[in-house]
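Visitor:
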Amino acid sequence: MFSSFLKRSVLALAGAAGLALTLTVGAQANALEGTNVQSTVLDNGLTVAVVEDHRAERVAINLCFKVGSFDEPLGMGGLAHAFEHSWFNGSRNMPEGQYSAFLSQRGSVGVNAFTMQDRTCYVATVATRYLGDALWLYGETWANLELNDARFQKERGAIIAERDMRTDNNPQARFFEKFTQYHLPNHPYGRPVIGSMTDINGWVLSDLQNWFKTNYVPNNAYLVLVGDITLDQAKQVAQEHFGTLAHGNPPFVNNGYAEPKWTAPKRMPTVVDPQAGNPIMVRQYRVGGAFAGLAGAEGDQRKSVALALAVRLMSEGQTSYLQRRLILQEKKALYVSVGYNNETRSESSMTVYGVPAPGVTLAELEKAIDAALADWLAEQRFTQDDLNRLKIKTMAALEYSKDSVGATARLVGNYLTGGGAVATLNDWIQIQDETTAADIMTAAREAFDINQSTTAYLTPRAELTGEPTHE
15 MFSSFLKRSV LALAGAAGLA LTLTVGAQAN ALEGTNVQST VLDNGLTVAV
65 VEDHRAERVA INLCFKVGSF DEPLGMGGLA HAFEHSWFNG SRNMPEGQYS
115 AFLSQRGSVG VNAFTMQDRT CYVATVATRY LGDALWLYGE TWANLELNDA
165 RFQKERGAII AERDMRTDNN PQARFFEKFT QYHLPNHPYG RPVIGSMTDI
215 NGWVLSDLQN WFKTNYVPNN AYLVLVGDIT LDQAKQVAQE HFGTLAHGNP
265 PFVNNGYAEP KWTAPKRMPT VVDPQAGNPI MVRQYRVGGA FAGLAGAEGD
315 QRKSVALALA VRLMSEGQTS YLQRRLILQE KKALYVSVGY NNETRSESSM
365 TVYGVPAPGV TLAELEKAID AALADWLAEQ RFTQDDLNRL KIKTMAALEY
415 SKDSVGATAR LVGNYLTGGG AVATLNDWIQ IQDETTAADI MTAAREAFDI
465 NQSTTAYLTP RAELTGEPTH E
């Protein structure tokens with residue numbers, strides 16, 4: 015499968031969200047050994063997933079909860095992210111401010127956490143001999159976290175500062191937040207993960223406490239361990255530190271939400287911001303993914319793999335069709351890309367992004383992109399050799415990615431919290447191998463539906479748009 019978390023952790027994979035078995039291209043068998051993911055489930059519902067890698071005495075930990083901004087009630091935006099901050103603030107047997115120090119004193123690296131639309135995860139990598147200490151801390155925090163108003167108000171201030179830095183004082187981030195809300199105004203994916211200032215200022219301590227009590231339960235969580243450990247060892251240490259946690263009562267998540275299909279494309283009023291730097295054009299298409307389809311339909315892993323191959327063939331690298339045509343030949347763009355995210359629990363998205371060349375307006379760039387897309391969809395613009403090379407490139411990048419136990423732990427955690435299961439983790443490998451040029455063209459033609467799209471411009475000066483009027 016192909017998804018966005020690989021763009022963040024192992025970019026070259028460009029969507030290989032599974033761990034491989036083998037790949038056959040034509041008559042050639044490239045027997046690239048994939049990562050063997052084993053798993054067990056504790057009596058309280060906690061899934062423990064293990065990837066053995068005994069090349070060094072270290073283990074990457076990823077404790078992932080299947081809850082994120084998608085699950086927040088209206089008006090409570092940013093609550094998942096706010097709780098992530100609170101996780102580090104001290105528990106009954108761990109003083110405030112000592113969480114990271116405790117791990118760092120034991121040689122840990124990468125102590126961090128992240129909140130996304132569909133998940134919240136806590137990560138670290140430790141020497142094997144300190145794994146028990148690290149999991150004691152995770153279990154202690156989970157069982158005995160102390161949430162009080164003083165700590166909560168402190169974190170609210172930190173989140174406001176984070177929002178100021180990352181969004182409110184960043185013209186591109188401001189634009190994309192506004193664009194996402196305009197694109198999906200009624201869907202939780204249209205809301206900022208960090209929350210709006212109104213939401214942030216509206217939280218009270220009980221909101222955080224209820225969020226923790228409801229969602230942070232073993233049967234809504236995955237403990238992923240990658241490195242110098244076996245499944246039996248993992249089960250034993252997980253049972254020791256997490257086994258007494260109580261099983262929760264489903265449902266925990268708002269994964270039944272569906273935005274109806276649209277009947278016409280949308281265009282957001284142009285944003286003119288003197289701080290913007292380069293003008294940009296962006297268009298996002300509503301599409302289906304592996305776990306969930308468009309407008310409440312079922313996910314389709316075969317279509318999602320084909321579409322991921324399509325967008326890579328279309329725009330990845332200097333020899334791709336859009337790069338050659340728009341940058342090298344027509345000289346309409348300084349930059350152009352197409353991206354696809356299919357790891358989501360609800361519908362997915364496909365994004366076209368372009369920066370015009372000097373002297374080219376945004377309207378001219380959009381027209382050129384539309385013409386190039388139309389030509390690519392009308393007639394196959396890649397060869398079988400191009401497709402074979404892309405498949406091999408994906409598998410090779412996957413092989414290289416195994417050198418990072420942390421990246422593998424995140425990859426597995428993202429897959430499971432996105433809606434996948436350990437048993438299906440490797441299915442994309444065979445599906446990619448079986449995907450034909452015809453499959454790719456069919457998936458792309460279905461996905462590039464202008465009626466399911468929103469287009470927007472960001473520019474430092476209105477005249478760079480080429481529009482007759484400006485709002």
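Take the sequence shown: its position 186, counting from 1, is numbered 200 in our numbering, and each next residue is one higher.
Where is the CB? At the ideal position from N, CA and C, for every residue including glycine.
Find the nearest neighbour of N440 within the set I173, V286, L412, judged by alpha-carbon distance.
Guide: L412
Visitor: Taking DSSP's pairing of strands, which residues face E312 in a bridge?
Guide: A306
Visitor: Restricting to Cα atoms, I'd like to know which of F189, T155, M295 is closest to Y230.
Guide: T155
Visitor: Find the nearest neighbour of Y471 within the set I406, R281, V319, T365, judged by alpha-carbon distance.
Guide: Nearest C-alpha to Y471: R281.
Visitor: Since A187 and R180 should fall inside the 8 Å C-beta cutoff, what is the C-beta to C-beta distance between them, to a whole number of angstroms?
Guide: 6 Å
Visitor: How is Q250 classed by DSSP in three states: helix, strand or coil?
Guide: helix
Visitor: Here's the rule I'm using: 16 or more other beta-carbon atoms within 10 Å means buried, otherwise exposed. How should K346 be labelled?
Guide: buried
Visitor: From D147 to A115, what does the alpha carbon distance come to, in whole angstroms?
Guide: 13 Å
Visitor: Just the Cα atoms here: how many angstroms apart are A260 and T129?
Guide: So the two alpha carbons sit approximately 23 Å from each other.
Visitor: Around the C-beta of H255, are 16 or more other C-beta atoms found within 10 angstroms, so that it is buried, or is it exposed?
Guide: buried
Visitor: With DSSP as the reference, label T438 as helix, strand or coil.
Guide: helix
Visitor: Using a C-beta cutoff of 9 Å, does I406 count as contacting chain C?
Guide: In summary, chain C is missing from the structure at hand, where a single protein chain is found.
Visitor: Using C-beta distances below 8 Å, list every residue in its chain close to A138, excluding the 5 sequence neighbours before and after it, in chain order.
Guide: A74, I75, L117, S122, V123, G124, V125, N126, A148
Visitor: Got a sec, what are the start and stop residues for the beta strand (DSSP E) L239 sits in?
Guide: From DSSP, the beta strand (DSSP E) with L239 extends over 235-241.
Visitor: Taking the beta carbon of G307 as the centre, do at least 16 other beta carbons fall within 10 Å, making it buried, or is it exposed?
Guide: buried
Visitor: With distances taken Cα to Cα, identify the nearest neighbour of G92 among G257, D400, Y203.
Guide: Y203
Visitor: If you follow the beta strand (DSSP E) that T134 is part of, which residue opens it and which one closes it?
Guide: 134-141
Visitor: So, at 7 Å on beta carbons, what are the nonlocal neighbours of G331 in its own chain, with the 5 sequence-adjacent residues on each side left out?
Guide: Q337
Visitor: Roughly how many whole angstroms lie between the Cα atoms of L222 and S210?
Guide: 16 Å
Visitor: Would the stretch 440-456 count as touching the stretch 350-368 if we require 3 or more Cβ pairs under 8 Å?
Guide: Taking one beta carbon from each stretch, the stretch 440-456 and the stretch 350-368 have fewer than 3 pairs nearer than 8 Å; the two do not touch.
Visitor: Using CA coordinates, which residue listed in T61, N215, D57 is at the minimum distance from A437?
Guide: T61
Visitor: Can you tell me the Cα-Cα spacing of G216 and G241, whole angstroms?
Guide: 42 Å
Visitor: Start and end of the alpha helix (DSSP H) containing S260?
Guide: Before going on, a small fix: residue 260 reads as Ala here, not Ser. Premise fails: A260 is in no alpha helix (DSSP H) and is neither H nor E.
Visitor: For the 8 Å Cβ check, are there 3 or more pairs between the stretch 155-165 and the stretch 104-115?
Guide: yes
Visitor: In the DSSP assignment, what are the bridge partners of A470?
Guide: V296
Visitor: Could you give the distance in angstroms between the alpha-carbon of Q167 and the alpha-carbon of N263?
Guide: 29 Å
Visitor: With a threshold of 6 Å on Cβ separation, who are the neighbours of R177 within its own chain once the five nearest residues in sequence on each side are excluded?
Guide: Answer for R177: I208, listed in chain order.
Visitor: To the nearest whole angstrom, what separates the beta carbons of A377 and E481, a pair I think is in contact under 8 Å?
Guide: 6 Å
Visitor: Tell me, which residues are paired with P370 by DSSP?
Guide: A347
Visitor: Using 8 Å as the cut-off, classify the Cβ of S122 as near or not near the heavy atoms of the ligand GDP, replying yes or no.
Guide: What this structure holds is no ligand at all, so the ligand GDP is not there to describe.
Visitor: With H, G and I counted as helix, E and B as strand and the rest as coil, what does DSSP make of I383?
Guide: helix
Visitor: Quick check on DSSP: helix, strand or coil for E330?
Guide: coil
Visitor: According to DSSP, is E481 part of a helix, a strand, or is it coil?
Guide: coil
Visitor: Unbroken alpha helix (DSSP H) runs of length 4 or more, entirely within the stretch 174-214: which are they?
Guide: Complete alpha helix (DSSP H) runs here, min 4: 185-197.
Visitor: Report yes if the CB atom of V65 is closer than 9 Å to the CB atom of V55, and no otherwise.
Guide: Going by C-beta atoms, V65 is not nearer than 9 Å to V55.
Visitor: Can the beta-carbon of A386 be found closer than 9 Å to that of Y429?
Guide: no
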